[in-house]
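Asks: Just dropping this structure here.
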Amino acid sequence: MTNQQKDQTYSPAVRWAGRISGILFGVIFAWLLLEILLRIAYPALPYVLQAPLREVHVTPFTEKKILPPAVVQPDSDYQNVTRNHVDNELQYLVPTVGMHISTKNVMDENSHVGFRVPDSSWEPRWPVDGVFVGDSHTFCFTEYDDCWVRRLETQYGMSVVNLGQGATGSISHRNILMKFGLLYEPRFVVWQWYGNDMNEDYGMAVTYEGLPPVDEPNDTPAEEPRSPKGPVAEWLSANSAVYVIFDLLRSSEAERYRYNRFVDPYYFEDGELAMGYGRDSTMIGLDLSLEKTQIGLELGQEAIRDTKAVLDGKDIPLVMVLLPTKEEVYARWTEPTLGADKLATLAEGRLRMAAFCEEEGILCVDVTAELTAAANEGVQLFYPDDNHMNAAGNALLADVVWRFLVDAGLME
Numbered sequence: 476m477t478n479q480q481k482d483q484t485y486s487p488a489v490r491w492a493g494r495i496s497g498i499l500f501g502v503i504f505a506w507l508l509l510e511i512l513l514r515i516a517y518p519a520l521p522y523v524l525q526a527p528l529r530e531v532h533v534t535p536f537t538e539k540k541i542l543p544p545a546v547v548q549p550d551s552d553y554q555n556v557t558r559n560h561v562d563n564e565l566q567y568l569v570p571t572v573g574m575h576i577s578t579k580n581v582m583d584e585n586s587h588v589g590f591r592v593p594d595s596s597w598e599p600r601w602p603v604d605g606v607f608v609g610d611s612h613t614f615c616f617t618e619y620d621d622c623w624v625r626r627l628e629t630q631y632g633m634s635v636v637n638l639g640q641g642a643t644g645s646i647s648h649r650n651i652l653m654k655f656g657l658l659y660e661p662r663f664v665v666w667q668w669y670g671n672d673m674n675e676d677y678g679m680a681v682t683y684e685g686l687p688p689v690d691e692p693n694d695t696p697a698e699e700p701r702s703p704k705g706p707v708a709e710w711l712s713a714n715s716a717v718y719v720i721f722d723l724l725r726s727s728e729a730e731r732y733r734y735n736r737f738v739d740p741y742y743f744e745d746g747e748l749a750m751g752y753g754r755d756s757t758m759i760g761l762d763l764s765l766e767k768t769q770i771g772l773e774l775g776q777e778a779i780r781d782t783k784a785v786l787d788g789k790d791i792p793l794v795m796v797l798l799p800t801k802e803e804v805y806a807r808w809t810e811p812t813l814g815a816d817k818l819a820t821l822a823e824g825r826l827r828m829a830a831f832c833e834e835e836g837i838l839c840v841d842v843t844a845e846l847t848a849a850a851n852e853g854v855q856l857f858y859p860d861d862n863h864m865n866a867a868g869n870a871l872l873a874d875v876v877w878r879f880l881v882d883a884g885l886m887e
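In my numbering, the protein residues as written are 476 to 887.
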């Protein structure tokens, strides 16, 4: 029997059913292949794809996700906290930077708040020299042995307690210090400040303290209401990388901006030095021409005054460490694109904090000059695609802070 005769033995419906089945098989195979490829290629994907995919399960019907569940959670008292009793978990607080994290709360093991430690057996060395508060730059986006606070302990012999928590501002730092830090009866307190603390303090006050939000015009896309997802879409969102990408592509500009604002639009390379810069979360978050940033600065300074009054009553010196942005540190490369005015905007909050320290009689070290000098020598101090300092940046920061503490007579 010839092929033509075979075809004639089947009805048109059967032939079409066969063709449709073949097409469906091809589509399903291509879908599954894309699912596998997206998971394999995840480390090389751009941030705008990595961020929404991190919660997708590695395979359906299993609990494991592409990235481990974050150890950071929102908190009404401290804005954001790290879970207690974390034991050497590999974490990606941003998708491109991995680190092992252990946490402990020496003073309250039943607390939901954990603080970064080398391992679960760590105990402070009594008496404690310095308690450190700050945001993710004190928590550190490195392995903990590379963190500047830890290096002050291991390299210089200080007795330290690190109470840094990511995505927090000065209000949170005050609350953490009052609740946990003073229990250690430290000889002094080191308070790290970074420009987005102003934005964090405004957010803390609006979200948890009843401050009415400021309605001011800006260039960011407006949020648009979206229909709730049905059960099938919810399942696909949790299990299908392809669906998440498709959903992102059809989302509104405002929804995509949630991720785009953390993407650096500019990039430079010079020898072995490579750096992205200019993301909206930095350029807008530190802009003191915005009323909400002004409010955040005032709220943060008020929290610092409150803290200093308590510390003065206990005869505990307060030391502030002011950190610049990577855009400022690498101004030699970023200024031609951003312009001097934009860099001045980024520096304004830090310079106002330096003046605030002088007015309030607070010991204060601005590390910009030392970081900039190293940057101009071609040292990579920050991650190329993140705002945090790498191991080299943390090592230099530890050196600068140590020299300041010695010069201030707080350490020998």
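Backbone N, C-alpha and C fix where the C-beta goes; we use that ideal spot for every residue, glycine too.
#1: Is the Cβ-Cβ distance between residue 854 and residue 797 less than 8 Å?
#2: Name the residue from 552, 564 and 547 whose alpha carbon lies nearest to the alpha carbon of residue 558.
#3: Tell me whether residue 594 is buried or exposed, calling it buried when 16 or more other Cβ atoms sit within 10 Å of its Cβ.
#4: Might you give, ordered along the chain, the residues of its own chain that have their beta carbon closer than 8 Å to the beta carbon of residue 627, omitting 5 neighbours on each side?
#5: Since residue 796 sits in a beta bridge, which residues does DSSP pair it with?
#6: Quick check on this structure: which residue in 554, 522, 689 and 582 has the alpha carbon closest to the alpha carbon of residue 572?
#7: Please name the residue, chosen from 834, 815 and 724, that lies closest to residue 524 on a Cα-to-Cα basis.
#8: Roughly how many whole angstroms lie between the Cα atoms of residue 784 and residue 732?
#9: Check residue 631 in the structure and name its three-state DSSP category.
#10: In angstroms with no decimal places, state the Cα-to-Cα distance between residue 652 and residue 608.
#11: Would you mind sorting residue 667 into buried or exposed? The rule is 16 or more other CB atoms within 10 Å of its CB.
#12: Compute the distance between the beta-carbons of residue 871 and residue 849, then report whether it is under 8 Å.
#13: For residue 790 and residue 664, what's the separation of their Cα atoms in angstroms?
#14: If we cut at 8 Å on Cβ distances, does residue 842 have a partner in chain B?
#15: Less than 8 Å separating the beta-carbons of residue 539 and residue 531?
#16: In three-state terms, what does DSSP make of residue 743?
#17: Whole angstroms are fine: how far does the CA of residue 858 sit from the CA of residue 517?
#18: Excluding sequence positions up to five away, which residues of its chain have a Cβ less than 6 Å from the Cβ of residue 886?
#19: Okay, do the segment 752 to 770 and the segment 637 to 652 touch, 3+ Cβ pairs below 8 Å being the bar?
#20: When DSSP builds the beta bridges, which residues end up paired with residue 532?
#21: How many angstroms separate the CA atom of residue 820 from the CA atom of residue 599?
#22: Measuring alpha carbon to alpha carbon, tell me which residue in 763, 491, 553 and 775 is nearest residue 650.
#23: Between the beta-carbon of residue 570 and the beta-carbon of residue 526, is there less than 8 Å?
#24: By alpha-carbon positions, which one of 728, 567 and 541 ends up nearest to residue 714?
#25: Runs of 3 residues minimum, wholly inside the segment 763 to 808: which ones carry the beta strand (DSSP E) assignment?
#26: Identify the residues that DSSP records as bridge partners of residue 651: which are they?
#27: Count the other C-beta atoms from every protein chain shown that fall within 10 angstroms of the C-beta of residue 566, then say buried if there are 16 or more, exposed otherwise.
#28: Do you know offhand how far residue 709's Cα is from residue 513's?
#29: Ordered along the chain, which non-local residues of its own chain (more than five positions away) have a Cβ less than 7 Å from that of residue 619?
#30: Who are residue 578's beta bridge partners in DSSP?
#31: Helix, strand or coil, according to DSSP, for residue 550 in the structure here?
#32: On the three-state DSSP scale, how would you describe residue 545?
#33: Can you tell me whether DSSP reads residue 557 as helix, strand or coil?
#34: For residue 718, I'd like the list of residues in its chain whose CB is within less than 7 Å of its CB, leaving aside the five on either flank, ordered along the chain.
#35: Got a sec, what are the start and stop residues for the alpha helix (DSSP H) residue 681 sits in?
#36: Are residue 685 and residue 775 closer than 8 Å when you measure CB to CB?
Replies: Put simply:
#1: Contact: no.
#2: Measuring C-alpha to C-alpha distances from residue 558 to each of 552, 564 and 547 identifies 547 as the nearest.
#3: The residue in question, residue 594, is exposed, as its Cβ has fewer than 16 Cβ neighbours within 10 Å.
#4: Non-local C-beta neighbours of residue 627 in its own chain, meaning closer than 8 Å and more than five positions away in sequence, comprise 605, 633, 635, 873, 876 and 877, ordered along the chain.
#5: According to DSSP, which records beta bridges pairwise, residue 796 is partnered with 667 and 840.
#6: Ranked by Cα distance from residue 572, the first of 554, 522, 689 and 582 is 522.
#7: Minimum Cα distance to residue 524 is reached at 724.
#8: If you take the alpha carbons of residue 784 and residue 732, they lie about 41 Å apart.
#9: DSSP, reduced to helix, strand and coil, places residue 631 outside both helices and strands of the structure shown, so it counts as coil.
#10: Near 7 Å, if we compare the C-alpha coordinates of residue 608 and residue 652.
#11: With 16 or more other Cβ atoms within 10 Å, it is buried.
#12: A contact, by the Cβ cut-off of 8 Å.
#13: Approximately 11 Å, taken between the alpha carbons.
#14: No chain B is present in this structure, which holds just one protein chain.
#15: No, they are not a contact pair.
#16: Of the three classes helix, strand and coil, the one that applies to residue 743 here is strand, per DSSP.
#17: Approximately 18 Å, taken between the alpha carbons.
#18: Beyond the five residues adjoining it in sequence on each side, residue 886 comes within less than 6 Å, by CB distance, of 880 in the same chain, given in chain order.
#19: No, the segment 752 to 770 is not in contact with the segment 637 to 652.
#20: DSSP lists 540 as partners of residue 532.
#21: Distance from the CA atom of residue 820 to the CA atom of residue 599, rounded to whole angstroms, is 40 Å.
#22: That would be 553, whose Cα lies nearest to the Cα of residue 650.
#23: The criterion of a C-beta distance shorter than 8 Å is satisfied by residue 570 and residue 526.
#24: Residue 541 is the option with its Cα nearest to residue 714.
#25: With a minimum length of 3 residues, the continuous beta strand (DSSP E) runs that stay inside the segment 763 to 808 are 793 to 798.
#26: In DSSP, residue 651 forms no bridge with anything.
#27: When all chains shown are included, residue 566 counts as buried.
#28: Between the alpha carbons of residue 709 and residue 513 lies a distance of about 19 Å.
#29: The answer, listed in chain order, is 591, 593 and 625.
#30: As computed with DSSP, residue 578 is found in a beta bridge with 591.
#31: When DSSP states are grouped into helix, strand and coil, residue 550 belongs to the strand group.
#32: If DSSP states are grouped into helix, strand and coil, residue 545 belongs with coil.
#33: Residue 557: strand per DSSP, three-state reduction.
#34: Excluding sequence neighbours, residue 718 sits near 711 and 712.
#35: Element bounds for residue 681: 672 to 683.
#36: No. Outside cutoff.
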